[in-house]
Structure formats: structure tokens, C-alpha cells
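Protein chains in written order, with the numbering used here: chain Y, 1 to 414; chain V, 415 to 828; chain E, 829 to 962; chain D, 963 to 1096.
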Ligand SMILES: Cc1ncc(COP(=O)(O)O)c(C=O)c1O
Ligand SMILES: Cc1ncc(COP(=O)(O)O)c(C=O)c1O
């Protein structure tokens, strides 16, 4: 049992004990890992669940009649229930397992996009999308003739509803695909309002929850999402596993994406018929071990509780914004009211790459670059930013270390 | 260091010590795992490599400038070299990581199929394909207007070259997509001859190596394959990771399949340009931990050596065919000259499902069903078969146990 | 023969699988429906007429026995009673808990341990429900 | 300031990044070429004329310093000599082994530990090679 699970209240020091990697040193310095938005570290519970699967209970799923296969299938399918519980889906059949959030969006772009959108329909994305929620729609546009429209963001990094109105004005928009939390600016978008907005205009909505799911309780029914996607690896789970949630009626109407074993009902040369969702969308041997790892990750965050996680990250973010305000020449990008534990910044005369390298020398891991959001960089008038992002294991002391680290970087550049 | 790696000669008992699951019992009986063709069990080295990654050296790859990210990227990319070495690809850039063999084939069907085949071109598959190498081509046929043709197999379970000639006669065939080893019959197809055949007629060839790669050394250059696909989980590696090999010139001509981070060169709203292969085909956060696990699996089998593996499995298969010949009323399906460690059989008046359940009661795991090869079942005149398949850890004693187990099943049905 | 092995495949099941009492297409019937298990291609067709059920089944011993025991159990029952029995049967094979109301059908209780075989036993019931328009 | 921190970002590099000696587009030149790092959008343009190289660079300190030290190192050299120096430079940043032939360029040897930054230093060289038609 992990330390965190036994703790009554949120105790970051006990949580840190669950993450073996946090005891590591880098260049002889204690690791200060502020790159969780790229991918989170893994708690012992996830590592153990995966190892246990491989050591004690493993076989291919669904098609086997023997003990190991039946038990493994049960464990695999039980995670579908866990995911449904995590986001409060109305049914487990609304949960499709993919490789990552990127594949989830591509699945929608192919299966929903090519079959249920037609040339002349429009898809709207925002100016602050990760490439994962932009490129698939560009590819759909180029292959299938739908129009791709961009809704503006305000200078504070929030959705510009006037621009949204304008994009929807001609009634052609059939899908709004938008982030639930920006991986650059940290802004949360008003998911409920966006869903109501799209639905009122006859459009469906996809929320890219790759970042949002990590920091807060997400309830797809309360939000009213048609599609919701995320990756396991940012939620303290393994790589190789992602999730697509889609409302049942929509999934039922979608043709399969990939063909192969497990997604069929019957196969003959002239005609094959498809399994019902979610299996229709899971061709071939799934990421069994990783799904089981994701299940352990969900148990882990649920045991801590999203209220505690959100409160911890809110406090950290506030502290970080205060600390960074003290660093001369540093500007934080985006000032959204509603934000999560991701902060991008630039520093006068010091390139983000140099910041990242010089912080790394001090054991502090931040990300630098365009964060897979090139068009947003253009909107912000920068070519790259440095980004610090927080997880359940991040401490105030680490944020203080970031601040002193940045001051030291400035000394090098003095 | 694993026991097997220290052993001079092939010592199955030492190899078994590397696989923790093999000490398990099922229904109070020692586990006899004869379902490796569905998915193989994992050696300690794979489990440890994945755990080590998560415990000591993990971050997202490619986009990070900090220590953890750089080291993880190196470890990830080093596996590309290992895979290239495993199959003797001419270049590491010919290795694309996917989720599984199924996705590899779908990638080819989408990117090569939709962009480089045109309506009226024909694709040929055989009568003994896994659904993974049939359904994607059906979907391509239905979406894109290529013709799908089926090459016959002989009663012994081998490719019928007369039928192949006939299918190619009108010059329309642009791709032959065929298994390198049947997951039902165990037959190896004559890969070199098939490649020469296709190339002489101006067609490309895809070999489905999901089964073949496990049992023998594969050299894509000697074979002359244009595409070669396989899954990590059948090669003693984790789930969630597969491989597509394709010749460089072909990959260069193929448009991307999935869009998102890591597969782009630059992104703007009007136009995005793609990274060069292999990254063009790896959108989003890859299966980092699983790729590292696959690397450990490749090291593991390479240390045993494919000559030793092939010899072991040849001896086992011969022994098994002898043993099964002694079971009254049992018929083995397929009698190919060149075969690997996969044997399908039926028994008079006893359904394959009942065989599997009653063997399971004795701790013996075999598979029963259509093995994701429904059309082949029709060709063989059965609705399902029982299948025993072997791995590096399979022993003669386990095959003897299968035989006695089958005799006991017959007593229940007496 | 070990006890574990014969627990599920007990005499009653084997007897009915070998020599079913209610097999064969009747000359006349009121309703019929077919069921297929896509995993293995096993098939069952049920015929309802005269408050009797008959079946034509191609499949494993569990399917054959289940179809035959079902035909016996539902003889003379109303559609509502059949539907109740169906629900009780599903619960029994899911949980392994026998139920006096199910009589001989309880022979299939061992199935709960074989999740992927449960479908073999419930397929005839699903076909019957379809035939009865439920 | 810890030694590790200043190992790569040593005085020479910082000085050249801050006040390059060979920056700016010349009025006349024979060849030029541009390079861009897609990861960060950093850009360098090199201008060759009169056996001299100048550069216009937008990017990190490593890129700026590397472009400027390159311009200095190749002054007066033949295309063949530049190509040799380029190869030696690539090897030095890949391995961390300094090379007397590289002179001040050895200041960038610390890069080998920052695999993803190596590109920042080699970008000007790639652009120069392109400009020289190599
Ligand atoms: C011959 C063959 N091809 C393809 C596959 C598909 O492999 P996967 O399910 O790992 O994608 C399999 C395995 O089931 C197979 O045996
Ligand atoms: C907002 C957002 N969307 C999508 C993605 C893509 O996630 P993945 O790379 O796991 O597919 C990311 C992560 O990089 C992200 O931050």
C-alpha cells in the first residue's frame, strides 16, 4: 500500500515516497522534475501492477478460454470500468483504449470525420491547440474537403467567444475540437459553456483533456462532452495507452478505424461485419500490460482524491506565479483566470534553450521549445518558451529552487 | 544476468528460470503454457528493463533538453538500432514503431494504400491470413476502390503458386500482402521466392511476420521484403509496441498516417510539413517504456541465438506431431514441409472449446476458436480448431502432458 | 478422472450433449430464431410451437447440453415464465450460485469460472428470447 | 556560480553570443544559405564572399556563439578546408574530445553531454556547407 493511500490529508512528502525516480540525482544534484506536463513520473503502484501482470497473470485477452487469458481479460476489462468511473461516463462501452491522446483524436478525425462529416462542413479548433488537435484536422481537411477554422484566443490566453460566434455564424460548423487545458498557457477552457455553445448550434464537441484530466475531476456528463480524449502517461500511468471517450450513439454510428483481430463480428472475403463499440475500435492485441498499469494509476489518483490534487496544484501555481514575478526580466505567458499547474515564461535576452540547459545543470528539469504548439508561438510573438509544470509530487521547495536556479542562469548571462 | 544468457548451449530448464510466470499453478496444477503464438510470456530481463525505466530514467522523449529526457530518448532510439539489427534492415530509419503488427499493416494500408495505390490496382492476400492482414485490405478496397484478390493454398497448407500466377496474370497487382508464417497451420511461406515473384511482376510485397519473427532469424535484405511487420508481445516483449519495417525509398514516398506532435517538421494553419521517416509515422508520445522493454526482449532472444531457438522448436514440433499422431481421432491441420512451432488440430466429436476448457482444468493452456482466421476455417472445412504453440521455454515434458491431457479429455467424452 | 475435470462436464451434460432429447426441426412451429457465437461460429436455432421448444444446434458440449436442458425446462411455460427462468439462468451461470427454481439447469453452474464459455450456455436462451419476441 | 554551470556557457561563448564579431548581412556576397531548427524555430543565415563568412542569427547562445566562432575559424579557408573543419567540429561536439585543429571552437566541446543541443551548434555549419554547395 502506498504511503499516499494511507495518508488522511494530502502529504506531499509521503506522496514523493511513492515515486522511486524522485530520489535520483542529476549531474550530482537532486532531481527537481518540473516537466510533468510532458509526461508524469510513475508511482510504485503502477510499476508493481505492470510487473505483477507479467510475472503472475499474463496471456492474450478476449480470445482465450484458459485461466491466464480469462483472468487477464477480466483485469483488462476492469480498467474500462475504472476509466468510465474516473470521467463518469454513462457506460463502460463509451471507453475506447488507444495508444495515446494523439491516436484518440486521429481515430475521431478518421472514423467520425470521414464518415460523418462531408465536404463543406467545417471543424473549428482554437489558437492554443497542441499539434495533436490541429494536424489531424488539417489532414482531414486536405483529404476530405472539410473546412478548418481557427477560433481566436484573447491576450490573457482564454477562448474569445466573440470570435467563436463569428466562426459558427454561417451554420457550417459540425465539430468544435478544443483543448480543455492548454499545455502552454495552463488555461482551462470553460468546457461546459463550450459544449452548450456547440450543441446549441448543432455541432458536436471534442475536448482534448490530455492536460486537464491530470489536475481536476472531469465529469463528461456534467460537461456535456461528445468526445473526450487523454493519455495514460500524463496521468502517472504508463506510455502506450490512451483513452477516447465518446457518447454511445456517436460511437455506434462510427465505422471502424483500424482493421484486424478483435474488432470484427464475422469476416468473409466479400464482407466483414464489425463488433459493437468499444471493441470495434480496438484492432489487434491491445496494450494489455499498459492498460493494467493505467488502472493502477487511476486507483492511485483516486485514492489521493482530485479535490486534494486540485488544491495542492492551485497553491503551487499561485506560489510559482509569485516567485516568478520576482525574477527580473521574466514574463509569464497567459494570464487566464482559470488555470492549472503549467507555466510558460520567457526571459529577456536569454533563449529558452539556454534556460533549460542551465537549469538542468542544477538538476532542474523544465521543457523549452514550441511545446508542439507552433501556431500558438506565433500568436504569442515568441519562437519558444520555457515551461515548468507540476504534479502531485511537486513541492514549494522545488519552486523556490526554480526561482534561485533562474537567478543563477541570469548571472551566467549577466 | 539471466540464466539463459550465461548458458553455453540451449538449456530449456535454465531458460525457464528467466520466466517468473512459469512457476505458477492453475487450478492447483502446474501451468503448462502452450499459447505462446497468441502472446508469449515475459522474461525477467524485460520486466526489469521496464521497471528500471520507470524507477530511474524516465521522461518524455525527443522534445526535452534535460537529462532525464535526453537519456530516455537515447534509450528509446537505441532500440531502433536493435530492431534494425534483428532483421538486418539497411538503415535504422526503416524502422517505424507502432502499437502492434495490426497497426503496422493498417499504417501501410492507409499511407501506402491510399496514396500510392489507385482504384483499379489489385492487392493479393492468401487464404491463410490472420484478420490483421485481411480486414485492412478489405477496408482499403471499400474506401478506395482497389481490388482484393485471394491466392489459394494447397491442402497441405502451402501457397499455391499456380493460383498466384493466375492472380498476377493481368498485371494489375501492385501489392502482395502475405503471412510469413501461418498462426493456424504453422506453415512458413517461401518468403524469398514470394518477394522475387512479386518484384518480377512489378508489385511490392508485405510480409506479416507476427509469427515468423519469433522462431527464426529474419533478414529482410536477404528475403527482399518491401514491408515486414511484427508485434513485440509475441517476441517475449511487452504489449503496446509493434514494428513496421519498410524500405527507405517507399517510406520516403508515403504520407503520414496519424497527425500530431513529433511527426512534423513545421506547422502552420494553412500548411504543415512532415518530418522524415521514421518519425513522420510516429505521432504523439510513443510507447517509450514498451519500446525499452522490446529492446530487452531482443537482447534476450539474441543472447540465446536464433539458431538454438529454431533447433529447439523444430525438435519440439517434431516430437509434438509424433505424440499427437498417437491420439485416436485427432487430426492435425496442415502438413507443410516448412513449419514452425504452432500446431492446430481437431478431434472427432469433441469441440475445440471443450478441449480447451478440459485441458485448462489440468493446467494446460491451449487456444481454441477461429484464431482470427475465419476464412481459413472455411477453407479447412472446420468452424474452429484447438491450437498448441511453443516458445523458447516449452519442454518435451509439456508436450507429453498435452498428449495425456487430450487422452483424459477423450475419457470425459467417452 | 479428476473431480475438477468432471465438475463442469458431468454426466448429465455429457449425456444431453451426446444424445439430446429435444433436437431436430419440427414439421410445424410458430416462432423460430437463430443465434451465432462469432468467436467460434457455433450456431443454434430454436423452434417454438405448441408450448414446446426444439433446437438444432452445432457447437460445443456446453451449447448442446444447454439448449437441450433449456428445451426441457421451458416446456409448457408461458413467455413470462420463460423470461423469468432466463434471467435466473443468466444469474446462475454468472455467479455460480445454484437456484432450486432451475432444476437440472443447475448442472451448468460450474461455468461461472469459465467466463468466456458462459456465452456458449446463454446463446440458446438468447435465441429463444428472440423467437418469443422479447 | 558552480563550475558545472559555466563549463559549457564559458566566457568565450557568452561574449560571442552577446557581441558577435561577424554578425550582419554584408552589402555584397557570393553565396548564402539559411538553416532552421524546427524544434525551436531558431534560424541562421550565412553569407560567403571574399573568403569571409558573416551570419545573421536568431537563436540561443550556443547557436549565436557557434555561428560567430565558425565565421572566425573559416576566414580565408578553401572550401575543402572548411569541409574538413566541419567534419572535425561535428566529431568534437559528438564526442566531447577537443581537437587542436579546432582552436577556439573547442569551447563547444561540453555540448556532447546535451545531445539535443548539438543541433544548435551544427546548424550554422550545415548552412555554410549548403552555401558552399557541398
Ligand atoms: C500471423 C499474425 N498476424 C498478425 C497478428 C496480429 O498481431 P497483433 O494482435 O499483435 O497486432 C497475429 C497475432 O495475433 C498473427 O498471428
Ligand atoms: C494538450 C495536449 N494535447 C495532446 C497531447 C498529446 O498527447 P500524447 O503525446 O500523449 O498523444 C498533449 C501532450 O503532449 C497535450 O499537452
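The C-beta atom is built at its ideal place from N, Cα and C for all residues, glycine as well.
Legend entry - Residue-chain proximity (residue 963(D), chain Y), Cβ-Cβ < 8 Å: Caution applies to residue 963(D), whose pLDDT of 47 falls short of 50 and renders its modelled position unreliable; the value that the coordinates give is listed next. Cβ-Cβ to chain Y under 8 Å: yes for residue 963(D).
Legend entry - One or two residues paired with residue 573(V) in a DSSP bridge: Partner residues in the beta bridge of residue 573(V), as assigned by DSSP, are 567(V).
Inset, instruction - Measure the C-alpha to C-alpha separation of residue 835(E) and residue 636(V) and round it to an integer number of angstroms. - result: In a straight line, the C-alpha of residue 835(E) is about 54 Å away from that of residue 636(V).
Legend entry - Endpoints, the alpha helix (DSSP H) within which residue 258(Y) is located: Careful: residue 258(Y) lies outside any alpha helix (DSSP H) and carries neither H nor E.
Inset, instruction - Tell me the start and end of each unbroken beta strand (DSSP E) in the segment 644–715 of chain V that is at least 3 residues and wholly inside, in chain order. - result: Listed in chain order, they are 656–660, 678–681 and 686–688.
Inset, instruction - Count the CB pairs spanning the segment 537–545 of chain V and the segment 684–694 of chain V that are closer than 8 Å, and state whether there are at least three. - result: Flag = no, the segment 537–545 of chain V and the segment 684–694 of chain V do not touch.
Legend entry - Whole runs of the alpha helix (DSSP H) within the segment 465–502 of chain V, excluding any shorter than 4 residues: Runs found: 481–501.
Legend entry - Proximal chain E residues relative to residue 768(V), where beta-carbon distance stays under 8 Å: Those are 837, 888, 889 and 890, listed as they occur along chain E.
Inset, instruction - Give a yes or no on whether the C-beta atoms belonging to residue 902(E) and residue 952(E) are separated by under 8 Å. - result: Contact flag unset, no.
Inset, instruction - Would you kindly report the start and end of the unbroken alpha helix (DSSP H) that includes residue 631(V)? - result: Per DSSP, residue 631(V) lies in no alpha helix (DSSP H) and is assigned neither H nor E.
Legend entry - heavy atom of ligand 1 below 7 Å from residue 368(Y) C-beta: Within 7 Å of the C-beta of residue 368(Y) there is not a single heavy atom belonging to ligand 1.
Legend entry - Beta-carbon proximity of residue 656(V) to residue 512(V), cut-off 8 Å: Yes.
Inset, instruction - Run the proximity test for residue 739(V): is its beta-carbon closer than 7 Å to any non-hydrogen atom belonging to ligand 1? - result: Distances between the C-beta of residue 739(V) and the heavy atoms of ligand 1 are all 7 Å or more.
Legend entry - Assigned secondary structure, residue 881(E) (DSSP; H/G/I helix, E/B strand, else coil): The three-state secondary structure of residue 881(E), taken from DSSP, is strand.
Inset, instruction - Use the C-beta contact count for residue 404(Y): other C-beta atoms within 10 angstroms, 16 or more gives buried, fewer gives exposed. - result: With a threshold of 16 other beta carbon atoms within 10 Å, residue 404(Y) falls short and is exposed.
Inset, instruction - Please confirm if the segment 39–57 of chain Y is in contact with the segment 326–334 of chain Y, defined as three or more CB-CB distances below 8 Å between the two stretches. - result: For the pair of segments examined, the segment 39–57 of chain Y was found not to touch the segment 326–334 of chain Y: the number of CB pairs separated by less than 8 Å stays below three.
Inset, instruction - Please list the partners that residue 898(E) has in chain V, where partner means a Cβ-to-Cβ separation under 7 Å. - result: Within 7 Å Cβ-Cβ: nothing; residue 898(E) doesn't reach chain V, min ~18 Å.
Legend entry - Whole-angstrom C-beta distance between residue 697(V) and residue 676(V), which should lie under 8 Å: 6 Å between Cβ atoms; contact.
Inset, instruction - State the Cα-Cα distance for the pair residue 119(Y) and residue 357(Y), rounded to the nearest angstrom. - result: Rounded to whole angstroms, residue 119(Y) to residue 357(Y) spans 47 Å at the Cα level.
Inset, instruction - Check the Cβ-Cβ distances between residue 1003(D) and every residue of chain Y, and say whether any is below 8 Å. - result: By this cut-off, residue 1003(D) is an interface position.
Inset, instruction - Give every residue whose Cβ lies closer than 7 Å to any heavy atom of ligand 2, listed in chain order. - result: Qualifying residues come out as 37(Y), 38(Y), 100(Y), 101(Y), 102(Y), 103(Y), 130(Y), 132(Y), 133(Y), 179(Y), 181(Y), 182(Y), 183(Y), 208(Y), 210(Y), 211(Y), 231(Y), 233(Y), 234(Y), 242(Y), 372(Y), 674(V), 675(V), 698(V) and 699(V).
Inset, instruction - Out of 407(Y), 180(Y), 309(Y) and 238(Y), state which residue places its alpha-carbon closest to the alpha-carbon of residue 15(Y). - result: When 407(Y), 180(Y), 309(Y) and 238(Y) are compared, the shortest CA-CA separation from residue 15(Y) is found for 309(Y).
Legend entry - Test: residue 920(E) CB closer than 8 Å to a CB of chain V: Taking Cβ atoms only, chain V never reaches closer than 8 Å to residue 920(E), which makes this a no.
Legend entry - residue 990(D): CB within 7 Å of a non-hydrogen atom of ligand 4: Summarising the ligand content, the structure contains ligand 1 and ligand 2 and does not contain ligand 4.
Inset, instruction - Report yes or no: is there a C-beta of chain V within less than 8 Å of the C-beta of residue 943(E)? - result: No, its Cβ sits nowhere closer than 8 Å to a Cβ of chain V.
Inset, instruction - Quick one: residues in its chain with C-beta nearer than 8 Å to the C-beta of residue 930(E), no 5 flanking neighbours on either side, listed in chain order? - result: 901, 913, 916, 917 and 920.
Inset, instruction - Taking only the alpha-carbon atoms, compute the straight-line gap between residue 857(E) and residue 879(E) and give it to the nearest angstrom. - result: Rounded to the nearest whole angstrom, the CA to CA distance from residue 857(E) to residue 879(E) is 10 Å.
Inset, instruction - Examine chain E for any beta-carbon lying closer than 8 Å to the beta-carbon of residue 164(Y), and answer yes or no. - result: Cβ-Cβ to chain E under 8 Å: no for residue 164(Y).
Legend entry - Contact with chain D by residue 102(Y), beta-carbon distance below 8 Å: No Cβ of chain D is located within less than 8 Å of the beta carbon of residue 102(Y).
Legend entry - Residue from 678(V), 705(V), 828(V) and 701(V) whose Cα sits closest to the Cα of residue 694(V): Comparing alpha-carbon positions, the option among 678(V), 705(V), 828(V) and 701(V) lying closest to residue 694(V) turns out to be 678(V).
Inset, instruction - Tell me, please, whether the CB atom of residue 789(V) is closer than 8 Å to any CB atom in chain Y? - result: Put simply, the CB of residue 789(V) is near chain Y, with a gap under 8 Å to one of its CB atoms.
Inset, instruction - Please list the partners that residue 65(Y) has in chain E, where partner means a Cβ-to-Cβ separation under 8 Å. - result: For residue 65(Y), the chain E residues whose C-beta falls within less than 8 Å of its own C-beta are 942, 944 and 945, listed in chain order.
Legend entry - Contact set for residue 181(Y): own chain, Cβ-Cβ below 6 Å, skip 5 residues either direction: These residues qualify, in order along the chain: 188, 211, 212 and 340.
Legend entry - Distance CB(residue 797(V))-CB(residue 868(E)) smaller than 8 Å: Their beta carbons are under 8 Å apart, which means residue 797(V) touches residue 868(E) by this criterion.
Inset, instruction - Determine, using beta carbons only, whether residue 544(V) comes closer than 8 Å to chain E. - result: Residue-level contact by beta carbon fails for residue 544(V) and chain E, as no gap is shorter than 8 Å.
Inset, instruction - Name the residue from 380(Y), 255(Y), 186(Y) and 152(Y) whose alpha carbon lies nearest to the alpha carbon of residue 107(Y). - result: Of the residues 380(Y), 255(Y), 186(Y) and 152(Y), the one whose Cα lies closest to the Cα of residue 107(Y) is 255(Y).
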